[in-house]
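First comes the structure, then the notes that go with it.
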């Protein structure tokens, strides 16, 4: 055949597409080995992906050249972040290219041998064999899976795997379980769906320690809402009031920062309620028609109960509150007046303040302010999440072994006794594992978690891990925990894998984000989701039947079909198009954008997310789902729980005891926070507060030098952790800025550099949860758990400091 | 001819440093490591400075992101003995790395300390870098360029499509990332552009205005609009 | 006087040799003895170096491009066999780069090839005459070469246009600049 | 005129003819210092300027301080010598050569500091290829190279007759001396031409010298930085330069006086005169310093005051008060009465001034950079061994150059001394007579009123 220019061009046209598809067959390391340089075939592609550095759920656009990542920017279409990003997002580049990443699976020779690289087949065989053996011996329940902060189908997969395999011990470490609403909302509003706040519309945000701009439910969304509050078009400038012992970035940007004695937020909230009621500033209409338990009331047995109003008026006088919280009366009055006069106002306080012993009532007290100003069911107020219409997956097939194993009590005790209301209790795990109560753990899977760095009882955890015959880690890095594992099956980093995210936080709307692998895997790693499917397949039987997908991608493909078929929502698109669609939909028109699911799927991959901004349940009927249909100052559902527990366990059962409910009577069900006398602890005169930096990604991020080098702006520091001390406290102890100090608690002591920071209370020192190497506040914090979330109490420890 | 400028709204800036990190990723700015950092050699083209407001005893903090201010009358360019830094016709103060002899006169002359020196070779060319920006060697001065490589690329794109460059087509990485939407970038010579409008705001001020450097990065003060 | 003179001469010679050794670029040998001449008889440069019309980097053609003609292996030359051997293993040809712009230069092939219609040869030299890959760039360009062209290439003035000179688009003309920032990054 | 049989000044040729053990020791010790600097520079070339203590924002430190200091010292020579020559101060004769040598040597060292300070010394030719005349650094380069050229010529011209003596009397390096002597025979005409050339150079070199340090000061004063942006920096720097130059000259004179036994040539009266000159300069220096700081303080501009207090009570106070002590208090005490123990006092004052002037340069360069205008963390600067090495090597190299010079050329001008004896005495007498009222010369005789 004679080649002519014409035929050449014809053939070329045909192969161009194929070339694009063939991209990514070789891993980068293989390519590097062959001296292929970037100039060879640089095809610049922006691949939509998801930032996984925190649970914010931002959409990113990964700039790739031949699968080699060259940059990250925000996905302008993504509804969570609208193209904006926080500092952590850029650390992803360094995470991906970390030279110390694991190059492939590793196994340990014997219990105390060294880790050595092995092949995937061998590694999978080791894991599967052990799982099969345990199952055969009827010990499937002794397999525990500890999972960190992630959402979506990876969570679904592990849950299904645990169910099908036959273990109740799928234990999650996360601050906010997306499938549950905040407990308070459940108790007082009866809502079962996750919560949301209409921050974009609010004109006053009163925040009880919620790090809106740093670490709350995604700093980017928080910052966008803040920017909106500041000035947007011709709207008047909104107001942000922040209650926090620490002058956080949020506090610094707030129009008013209210420094408070740690752990007394609930008392302040009740003080504000007192002022609102006393000055008749509360929303009478809402309180009268939509609340229960505000006034004194008489139940069916004729017993008289104190209402919220009288409780507050009687117990929480402003002088009492001021003394307990350290907030001047004047400030309380001014905040209360702002709260009542600037509409719409929203009160938030999910995290931070209530990391104290009486978490539940603190939250109830804060939440009752929302009812008092009547911002439930109005724009700029509270919301709940809609659901994602994903394809329902077939029920898990459980054989006898699975049923038997799954029915055993959980190793962490969640859902039982004192942890009755908790779905996961990772804090209790090390102790229970050590005492083999109720049974020993035979295999421990660590996925997206690093307890040996992040668990307050990490020493106990390490000891407990020693006793587990098989510890499997899925970490892509040789972190503290994976260094002690017997088997490491390294996951891809998030830029290298298929993933999804089902965002259920804060934003108010539902959103499904989808991402394909943006980069060719740099090393011989595998997406853990695929590994789970692979293990399930090898185990066979009902397990394989419950997890029938060949790849994770197939599962995502199946799940997202529901969105296509739902007949609502859209794949995100440019602003103008979106607004038009919104307007049409409000008028009742909804036209499908795609003819086939394949088109929909391709568009989803290309744009990054699907969302449904219009069908938000915001009306009062949707928000008030208690039996009475009202907001309950007096929580009848809590009463029911307590009554049931008392019936089951007696008045001295662990749950009621833990609640401290034996002698609290009605106060147990009302937002009543006990005012404890100020304690003067001689040995440990200072209180320790830990907080999360906006620059600290999930898992610490020791391999992200940019973030470690400039972790904060309020103090001058880099590469090492520090302790913030008030200048006066420093002067009293002879500590000057930059000195090395010992911070000592009853549990232990760590050596840190002191930073004098006027944004703390004089009786408080602050240590950030810093990402890098070196001492960690977990060395000081006692392993106390919050009874309602199972999560560690991080701000209750007392310490002393001295020059090192 | 365009006159590129930036407005930074201090009322919105939350000090999160997204701009800082976006800049580092975009411009191949290295992390210098703990040892060098302790010697005050961090390179941060965009840097968030923190100022404590002495008037409020409760200590209001002011976060002040400081890129190169791209002065219209830059004190740094005049002193460069080799034309390695100069103001280009569109107002961008350029830094030509291949020309710089490393005398650091421009650093000494800049009243905003916007210039940074490569005290060592902090990095080599490698994966994960932006190929549009050169990797600087030791011994030369570098600074914020308003991501002018983005301008080159936008221009090139526009040229290929036979059109003029559109507003919003050229935005530096910091402005693109800012989650509080505090950074606005655009053409100051176009009176209808958003930057121009904001630059005329009563809240607008320039850093060290009295020095007569005429910076093209304009700040908006905190609080409600005055005047 | 003689002794020192000889010593000085030897020293000078050593120095020159050392400088040559250090500074001269080594010859580059390619994995396949690609004849540009034969290919250019059939094709335009940009048929294979397609990127030159699309973006900043011209790049070398990918294996796919080569295979679109050579997949059936008609030629059966030694070099073609080498190509097919790479293809069989699923590899790209590990071409070595001959032309290298310094990393601090921004140069767009597209702008120069498509908009300005600069001939490839004006920078790359007479590549079309080569029977084997060049061991070194045929032309060594310095910044002055770029500037010389840019200074000339301000485009025809309006006067020239009226006289029938080919008009250059207004946008393009403005782009021809000798401002350092236009090329340096 | 130079009579080969004249052996009165044989001692001046002695160091060239014979080499003692002391010379080798001195060379060895100085070479060690230079070696330290060489190693330091090699390390710096390899690792980058990061091996120094410089950082953000203090991007200039020891090297720039040394640059200003050494360029300052250079004013000792040519400028002083030119002034003394032009004013026909007869006591200049044994001094001028020593002074001129300082200038030439130190200019090399000073200009070298900039090269050491560059991040990319390999690109130094860019300054010539792409020089931007708006930059004070270019002014510096121009002015310093002009000064260097002029000083070299000015050093060499008065040396020609001496070189001829060496050519004629010395057995070694005949070719070298023959070339440099330019065929000097000591004829009347040659003397006339030489004297005129020296006079022209002397006039020429003064403005150049003044310009050099003015321009060095412009490196700082042309910026907008607090405590740099000052109009009196030009004269202030020149005064400081002459001040430190005289001190350096005195020290050099005393060293060679001792080492080469030149007590006969360098007599206490020379030191007394120079001491008085030093005292005047000390007072002048204080006047400038006082004015400079008072203006800054009185204005009370915020940024200016940050630097001001940093110098006064802050981390730089030790340097600042050390400078005041060494540049003003000590010289004042030493130099006010010079009748007795002249040499000891003058030496003390000079050494003190050299230290003090180095501190002054440091206190000008570093504190301004340490206090940025914007709320940056303030940076304090401490040099590393590399900078100490370069500094030590600079001093050592200077001394070594000087020492080697004295092994090749006479450090005191032989012919000028001889000329002093033969012509000077007579000329001074005549000149002196013209100053006096009672020696009446006919042509100026007023009309005799009585007659």
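Residue numbers (my numbering), protein chains in the order written: chain B, 17 to 820; chain Y, 28 to 254; chain Z, 17 to 201; chain H, 339 to 789.
Each residue gets a CB set at the ideal place from its N, CA and C atoms; glycine is no exception.
- Under the three-state reduction of DSSP, residue 365 (chain B) is assigned to coil, being neither helix nor strand.
- Within chain B, not a single residue places a beta-carbon under 7 Å from that of residue 94 (chain Y); the smallest gap is close to 15 Å.
- With the rule of 3 Cβ pairs closer than 8 Å, the stretch 235-250 of chain B counts as touching the stretch 195-211 of chain Y.
- If you look at residue 79 (chain B), you'll find it isn't in any alpha helix (DSSP H); it sits in the beta strand (DSSP E) that goes 75-81.
- Neighbours of residue 424 (chain B) in chain Y, taken as residues at a C-beta separation under 7 Å, are lacking, since the least C-beta distance is about 46 Å.
- Of the residues assessed, residue 269 (chain B) falls on the buried side of the cut-off, its CB having 16 or more other CB atoms within 10 angstroms.
- Residue B:259 holds the alpha-carbon nearest to the alpha-carbon of residue 341 (chain B) among B:259, B:294, B:512 and B:299.
- Residue-level contact by beta carbon holds for residue 120 (chain Z) and chain Y, with a gap shorter than 7 Å.
- According to DSSP, residue pairing for residue 258 (chain B) in a beta bridge involves B:223 and B:273.
- Between residue 362 (chain B) and chain Y, the shortest Cβ-Cβ separation is not below 7 Å.
- In the three-state scheme derived from DSSP, where H, G and I count as helix and E and B as strand, residue 116 (chain Z) is classed as coil.
- Per DSSP, residue 481 (chain H) is not a residue of any beta strand (DSSP E); the alpha helix (DSSP H) it occupies stretches across 474-494.
- Straight across, the Cα-Cα distance linking residue 114 (chain Z) with residue 101 (chain Z) is about 23 Å.
- Beta-bridge partners of residue 61 (chain B) (DSSP): B:80.
- DSSP places residue 560 (chain H) in the coil class of the three-state scheme, outside both helix and strand.
- DSSP places residue 212 (chain B) within a strand segment (E or B) once states are collapsed to three.
- At least one beta carbon of chain Y lies nearer than 7 Å to the beta carbon of residue 734 (chain B).
- A distance below 7 Å separates the beta carbons of residue 673 (chain H) and residue 617 (chain H).
- Residue Z:201 holds the alpha-carbon nearest to the alpha-carbon of residue 174 (chain Y) among Z:148, Z:201 and Z:160.
- Against chain H, the beta carbon of residue 147 (chain Y) has neighbours under 9 Å at 385, 386, 387, 388 and 389, listed in chain order.
- By the neighbour-count criterion, in which a residue is buried when 16 or more other Cβ atoms sit within 10 angstroms of its Cβ, residue 362 (chain H) is exposed.
- Restricted to the stretch 680-746 of chain H, the alpha helix (DSSP H) segments that are unbroken, complete and at least 4 residues in length are 680-708 and 723-746, listed in chain order.
- About 17 Å separates the CB atoms of residue 422 (chain H) and residue 488 (chain H); that is not less than 8 Å, and the two are not in contact.
- Residues of chain Y whose Cβ lies closer than 8 Å to the Cβ of residue 81 (chain B) are, in chain order, 158.
- Between residue 586 (chain H) and residue 411 (chain H), the CB-CB gap stays under 7 Å.
- By the criterion of a C-beta distance shorter than 6 Å, residue 374 (chain B) is surrounded in its chain by 689, once the five residues flanking it on both sides are discounted.
- Under the three-state reduction of DSSP output, residue 110 (chain B) falls in the helix class.
- Per DSSP, the beta-bridge partners of residue 707 (chain B) are B:784.
- For residue 453 (chain H), no chain Y residue has a C-beta closer than 7 Å to its own C-beta; the minimum C-beta separation is roughly 10 Å.
- According to the DSSP secondary-structure assignment, residue 79 (chain Y) is paired through a beta bridge with Y:88.
- Taking C-beta separations shorter than 6 Å and ignoring five residues to either side along the sequence, the partners of residue 653 (chain H) in its chain run 718, following chain order.
- A contact between stretches requires three or more CB pairs, one per stretch, nearer than 8 Å, and the stretch 110-123 of chain Y fails this requirement with the stretch 74-81 of chain Y.
- Distance from the CA atom of residue 648 (chain H) to the CA atom of residue 453 (chain H), rounded to whole angstroms, is 30 Å.
- For residue 124 (chain B), the enclosing beta strand (DSSP E) stretches over residues 122-124.
- By the criterion of at least three beta-carbon pairs nearer than 8 Å, the stretch 280-298 of chain B is in contact with the stretch 344-358 of chain B.
- For the pair residue 151 (chain B) and residue 422 (chain B), the Cα-to-Cα distance works out to about 12 Å.
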